[in-house]
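Working notes, beginning with the structure itself.
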Amino acid sequence: MEKNKYLICLIITISVISGLFCEDNDEFYSDRIIVGFSAGFVGNTRGEFDIQIEDGFVYTPVLWFNDIAREYQITSMERKYIVRDQEWNLDGLYLMNIFRLKIDTSDRKDSLINDLLSNYDVLFAEQEPITMVFDNEQISTISTQEYLQLIQAPEAWTIETGSPDVVVGIVDTGVKWNNGDFAENMWINYENSPNNTIDWDAREILGPYGSDGSQNPTNWDAHFWGDIMGWDFYSDQTGGQDNNPYQDGSGNTQGTMVAGIIAAVYDPSIDRVGVAHTSKIFTTKHIAYNSGSNNLNNAFQGILYLADRGIRIINTSWAIASPNASHLNATMQYAYDKGALIIAAAGNNSNTSVSFPAAHQHAVAVAATTNQDTKWVLSNYGSLIDISAPGDQIMTSSFWGNGDSHGTLTGTAASAAVVSGVAALILSQNLDMTVDELRNILLESVDDVQGQYANQMGSGRVNAYKGVQSVTVDLIAQSLTGSSGTVDLEELTYNVSVINEGNTTASSYTIKLMSGLSELVSVTGPPIAPYAIEIIQITWTPPRFGSYQLYGHVEFLYDQDHSNNTTNVLNVNVTSHIN
Numbered sequence: 003m004e005k006n007k008y009l010i011c012l013i014i015t016i017s018v019i020s021g022l023f024c025e026d027n028d029e030f031y032s033d034r035i036i037v038g039f040s041a042g043f044v045g046n047t048r049g050e051f052d053i054q055i056e057d058g059f060v061y062t063p064v065l066w067f068n069d070i071a072r073e074y075q076i077t078s079m080e081r082k083y084i085v086r087d088q089e090w091n092l093d094g095l096y097l098m099n100i101f102r103l104k105i106d107t108s109d110r111k112d113s114l115i116n117d118l119l120s121n122y123d124v125l126f127a128e129q130e131p132i133t134m135v136f137d138n139e140q141i142s143t144i145s146t147q148e149y150l151q152l153i154q155a156p157e158a159w160t161i162e163t164g165s166p167d168v169v170v171g172i173v174d175t176g177v178k179w180n181n182g183d184f185a186e187n188m189w190i191n192y193e194n195s196p197n198n199t200i201d202w203d204a205r206e207i208l209g210p211y212g213s214d215g216s217q218n219p220t221n222w223d224a225h226f227w228g229d230i231m232g233w234d235f236y237s238d239q240t241g242g243q244d245n246n247p248y249q250d251g252s253g254n255t256q257g258t259m260v261a262g263i264i265a266a267v268y269d270p271s272i273d274r275v276g277v278a279h280t281s282k283i284f285t286t287k288h289i290a291y292n293s294g295s296n297n298l299n300n301a302f303q304g305i306l307y308l309a310d311r312g313i314r315i316i317n318t319s320w321a322i323a324s325p326n327a328s329h330l331n332a333t334m335q336y337a338y339d340k341g342a343l344i345i346a347a348a349g350n351n352s353n354t355s356v357s358f359p360a361a362h363q364h365a366v367a368v369a370a371t372t373n374q375d376t377k378w379v380l381s382n383y384g385s386l387i388d389i390s391a392p393g394d395q396i397m398t399s400s401f402w403g404n405g406d407s408h409g410t411l412t413g414t415a416a417s418a419a420v421v422s423g424v425a426a427l428i429l430s431q432n433l434d435m436t437v438d439e440l441r442n443i444l445l446e447s448v449d450d451v452q453g454q455y456a457n458q459m460g461s462g463r464v465n466a467y468k469g470v471q472s473v474t475v476d477l478i479a480q481s482l483t484g485s486s487g488t489v490d491l492e493e494l495t496y497n498v499s500v501i502n503e504g505n506t507t508a509s510s511y512t513i514k515l516m517s518g519l520s521e522l523v524s525v526t527g528p529p530i531a532p533y534a535i536e537i538i539q540i541t542w543t544p545p546r547f548g549s550y551q552l553y554g555h556v557e558f559l560y561d562q563d564h565s566n567n568t569t570n571v572l573n574v575n576v577t578s579h580i581n
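Here it is as structure tokens:
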């Protein structure tokens, strides 16, 4: 696979998005170095490390590092990530042992990196790349959502409109979560926020959050306590915590527009509706309103946070200007291992480079098409693209001042949101499918792209109707074996053989031992992969003497046709004594 080859070789070429970013943006922060230390250096896997400031420079228990800190004028050292699974690692790299160093002068960055790498306790050292939003918002009087017809969304909705159990995470500028288009589809995390309340009109979240104001807790649940609507990672930049990911005012509204594309509710009185309009959205904020910059703060921590929160689909309509794979690969792998599918904008350069995280092997890189199914003029293309979606003037939710409005979002940022919505419809068909199954169905359920770039736009243009039709779980109860004939009044053991003839995994299904119409006992079966057979053992102690006609029955919400769900019958005669 091309994306694997590029990552293995660490050859990822990213270009700045022409015309969409501030002219003075460089690819890296001039004063930041990201370092991955070994667990031996830190002393643990949680990033718990004694960091002091002496004479203006970092001072630690490690003498060789203190010498480097003084020589290169390292003025700050802070842990970059916090994750729930603190024992997870990628070849010995623990995410919480990644630190950000800040330096006073940037002219010796290369020498600092080389000196750090000369020590075996440094797993990597690299400049911190800048993350930027693909913001190409337009205000338009267009009153239709033609792209929904193109991807056959209305036909898909006759089968699936989305499940409230499917939550799409949006790592972006924040979201105006009280926007009337999708407010009722915001996922509210009351379980972790029992003492929080929401003032929808004032756009405020009231109640406790965080861990007693501590800036460096190692307990994930304590750190994000009170994340009722998501988390504001931008506030971390100024030394604070904030459980309100609201994007204030009418500046950069990309997060709100992405949210509208994915999950705006259906209202026959308006002409805007989301692709998965009965699914939920959960959001993180990484930029300040009217900050004068399109730079996102700590975007990959947003991915990790959503993956730890159990979000299965994460939309990333932004790019790292020039990534270093050793740093970011671990965050993407972590999200994948937690079952999250990253839907990522491919970039708006009109060339064959693909932005990161879209370039990662576990991301779905999305290119943009027009309503004529041709490549949108500025969309990236080529061998690293996974799929395409409409991205030319996509009508969606927006806001001006504090009021709701609408406009169009153009480019691969919009296309990624369309694909995230379709992925939500597909996942709603079977909540138990694996991340790879979801990805495969998404990429295989497409229509052809037209024009000269037809073979360079991934597997094709996404089709929602084909996607929801493609999801199959067909559990067949093959046989019941075990005790039969005349038996004592004692515990009996039976085996039910079940095969999954569908294309996605089945789990949380129920195996019942029945007699007539009566359920005698039931158990939850283990996951069954596509085309696999599982033997489920079930025990039963007859409550009384008598004759029973036993059979096994499999019950699963997402079963394709609910036929062939019962086994053969075993006749059992329970007596007090067997001669």
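Mapped onto this note's numbering, the consecutive letters of the sequence shown carry residue numbers 3 to 581. Just so it is clear, CB atoms sit at the ideal spot from N, CA and C, and this is done for glycine as well.
Validate contact between the segment 530-538 and the segment 494-513 using beta carbons, cut 8 Å, 3 pairs: yes
Where Val60 sits in the DSSP three-state scheme: Here Val60 carries a strand assignment [DSSP, helix/strand/coil].
Counterpart residues of Val473 in DSSP-defined beta bridges: None; Val473 has no bridge partner.
For Lys111, the first and last residue of its enclosing alpha helix (DSSP H): 111-119
Length-filtered (3 minimum) beta strand (DSSP E) runs lying within the segment 337-397: Runs of the beta strand (DSSP E) inside the segment 337-397: 343-347, 365-371, 389-392.
Selection from Pro270, Asp33, Arg86 that minimises the alpha carbon distance to Thr77: Asp33
Proximity below 7 Å, CB of Lys488 to CB of Thr577: For the sequence presented, residue 488 should be read as Thr rather than Lys. Yes, the pair counts as a contact, with Cβ atoms nearer than the cut-off.
Secondary structure, beta strand (DSSP E): runs of 3+ residues fully inside the segment 396-448: 396-402, 405-411
N- and C-terminal bounds of the alpha helix (DSSP H) containing Asp69: 65-73
Host alpha helix (DSSP H) of Met259 (start-end): 256-265
Alpha-carbon spacing of Asn68 relative to Phe59, whole angstroms: 9 Å
Segment contact flag, the segment 327-336 with the segment 353-369, C-beta cutoff 8 Å, min 3 pairs: yes
Reference Ile289; option with closest CA among Lys111, Asn351, Trp233: Trp233
Rounded straight-line distance, which links the Cα of Arg311 to that of Ala71: 36 Å
Counted within 10 angstroms of its Cβ, other Cβ atoms place Tyr74 as buried (16 or more) or exposed: The residue in question, Tyr74, is buried, as its Cβ has 16 or more Cβ neighbours within 10 Å.
Cβ-based burial, Gly460 [other Cβ within 10 Å; buried from 16]: By the beta-carbon neighbour count (other beta carbons within 10 angstroms, threshold 16), Gly460 is buried.
Backbone CA spacing between Pro2 and Gly341 [nearest angstrom]: The first residue shown for the chain is 3 and the last is 581, placing residue 2 beyond what the model contains.
Coarse secondary structure for Asp561, derived from DSSP in three states: coil
Rounded separation between Gln471 and Gly45 - CA only: 52 Å
Whole-angstrom distance between Ser381 and Gly393, CA atom to CA atom: 9 Å
Minimum C-alpha distance to Phe136 - residue among Ser165, Gly413, Leu103: Gly413
Identified DSSP bridge partners for Asn198: None; Asn198 has no bridge partner.
Of the residues Leu92, Gly49, Tyr31, Arg48, the one placed nearest Leu330, counting alpha carbons only: Nearest C-alpha to Leu330: Leu92.
Selected residue, minimal CA-CA separation from Val571, among Ser485, Pro247, Arg463: Ser485
Whole-angstrom distance between Asp167 and Ala230, CA atom to CA atom: At residue 230 the sequence reads Ile, which differs from the Ala that was named. Distance between the alpha carbons of Ile230 and Asp167 is about 16 Å.
Asn575 (DSSP reduced to helix, strand or coil): Strand at Asn575.
Same chain, Cβ closer than 7 Å to Ser20, neighbours up to 5 away in sequence not counted: With a pLDDT of only 27 at Ser20, under the threshold of 50, the placement of this residue in the model should not be trusted, and no figure is reported.
Distance CB(Gln596)-CB(Gly176) smaller than 7 Å: The shown model of the chain, from 3 to 581, leaves out residue 596, and the question about it has no answer.
Cβ neighbours of His555 in the same chain (closer than 7 Å, five flanking residues each side left out): Ala479, Lys514, Met516, Asn567, Thr568
For Ser165 and Ile153, the rounded distance between their alpha carbons: Distance between the alpha carbons of Ile153 and Ser165 is about 19 Å.
Presumed contact (8 Å Cβ cut-off) between Ala127 and Val37, rounded CB distance: About 5 Å separates the CB atoms of Ala127 and Val37; that is less than 8 Å, so the two are in contact.
Contacts around Ile1, its chain only, beta-carbon distance under 7 Å, and the 5 residues preceding and following it disregarded: In the structure as shown, the chain begins at 3 and stops at 581. Residue 1 is therefore absent and cannot be evaluated.
Own chain partners of Val437 with C-beta closer than 6 Å, once the 5 adjacent residues on each side are dropped: Gly341, Leu343
Proximity winner among Ile84, Ala418, Gly405, Ser565, relative to Asp203 (alpha-carbon distances): Of Ile84, Ala418, Gly405, Ser565, the residue nearest in Cα terms is Gly405.
Residue burial classification, Gln151 (beta-carbon count within 10 angstroms, cutoff 16): exposed
Val489 - containing beta strand (DSSP E), residue span: 487-489
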